[in-house]
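Asker: Next up is a structure, given as structure tokens.
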Amino acid sequence: KQEVTQIPAALSVPEGENLVLNCSFTDSAIYNLQWFRQDPGKGLTSLLLIQSSQREQTSGRLNASLDKSSGRSTLYIAASQPGDSATYLCAASAHQTGANNLFFGTGTRLTVIP
Amino acid sequence: GAVVSQHPSWVICKSGTSVKIECRSLDFQATTMFWYRQFPKQSLMLMATSNEGSKATYEQGVEKDKFLINHASLTLSTLTVTSAHPEDSSFYICSARDRGLGETQYFGPGTRLLVL
């Protein structure tokens, strides 16, 4: 069974700093990997989706990388802002069933201090 | 586009009662819907997958007789927590997928259930 781990569990940074969130998964046979943002008591907002054949995806100040061989993905946030404060979740999808089954990490709670 | 809504957003009920949560795709046809549960400080765990017009597939450890899922139309799925107990208190999130839009799952805002 796929296990997804995110480190660190919580992170506080001053505004303007660049930061990296880490995600690791045990089964490299993934279909894709997604990064989500979850605000307190709210649902999930998809940030980036990396297909298994891709190595990275970029959207604005966000850049996500994928290294299947090592079972790792990173989310890079440039020039962090207080509005970036949220919990960031990564999720790996099972290869056998396409995107039917997403295995989520426990998240990294990010606080950007003004 | 690709908006998913849930109703209610939060519910408090007494132990032993049943609670129904609705998940709707507002601007697309959801051929598949997923139900997740998230306990405090834990990750989302998939409970079940439902395809329109067929029975839901439950994940190991999820009681199908306790968590009734109905996906009768392409825009609506319901999750009924029967005879709810305090340990069922959790954050329930649904997601929906339309094959025509690819493999992406679109998530609802979630429903917080508190069973007293």
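If you read the protein sequences in the order shown, they are chains E and X.
Per my numbering, residue 5 is the first one in the first sequence, and the count goes up by one each step.
Per my numbering, residue 4 is the first one in the second sequence, and the count goes up by one each step.
Ideal Cβ positions, reconstructed from N, Cα and C, are used throughout, including at glycine.
Is there a C-beta anywhere in chain E that falls below 8 Å from the one on residue 27(X)?
Answerer: It does not: the Cβ of residue 27(X) has no partner Cβ on chain E nearer than 8 Å.
Asker: Would you mind listing the beta strand (DSSP E) stretches within the region 5 to 75 of chain X that are 3+ residues and don't spill past its ends, in chain order?
Answerer: Fully enclosed beta strand (DSSP E) runs of 3 or longer: 7 to 10, 13 to 16, 22 to 28, 35 to 41 and 47 to 54.
Asker: When you compare the CB of residue 1(X) with every CB in chain E, is at least one pair closer than 8 Å?
Answerer: For chain X, the structure presents residues 4 to 119; residue 1(X) sits outside this window and is missing.
Asker: On the three-pair Cβ rule with 8 Å, is the region 105 to 113 of chain E touching the region 14 to 28 of chain X?
Answerer: As far as the Cβ criterion goes, the region 105 to 113 of chain E does not touch the region 14 to 28 of chain X, which means the pair count is below three.
Asker: Report the three-state DSSP secondary structure of residue 60(E) (helix, strand or coil).
Answerer: Of the three classes helix, strand and coil, the one that applies to residue 60(E) here is strand, per DSSP.
Asker: Which residue's Cα is closest to the Cα of residue 48(X): 97(X), 23(X), 109(X) and 117(X)?
Answerer: Nearest option by C-alpha distance: 97(X).
Asker: Just to confirm, are residue 32(E) and residue 9(E) a CB contact at a threshold of 8 Å?
Answerer: It is not a contact, given that the beta carbons lie outside the stated cut-off.
Asker: Using 10 angstroms around the beta-carbon of residue 54(E), count the other beta-carbons present and answer buried if the total reaches 16, otherwise exposed.
Answerer: Classification for residue 54(E): buried.
Asker: Closest Cβ-Cβ distance between residue 108(X) and chain E: below 8 Å?
Answerer: Closer than 8 Å: yes.
Asker: Looking only at its chain, what residues have a beta carbon closer than 7 Å to the beta carbon of residue 78(X), apart from the 5 residues adjacent to it on each side?
Answerer: So the qualifying residues of the chain are 27, 28, 32 and 33.
Asker: In the structure shown, what three-state DSSP assignment does residue 91(X) receive?
Answerer: Reduced to three states, the DSSP call for residue 91(X) is helix.
Asker: Across the region 61 to 78 of chain X and the region 79 to 86 of chain E, are there enough close Cβ pairs to call them in contact, namely three or more that are closer than 8 Å?
Answerer: Too few Cβ pairs lie closer than 8 Å, so no.
Asker: Along the region 48 to 72 of chain X, what residues have a CB closer than 8 Å to any CB found in chain E?
Answerer: Flagged, chain order: 48, 49 and 52.
Asker: Mind checking if residue 80(X) is an interface residue toward chain E, Cβ cutoff 8 Å exclusive?
Answerer: No, no contact with chain E.
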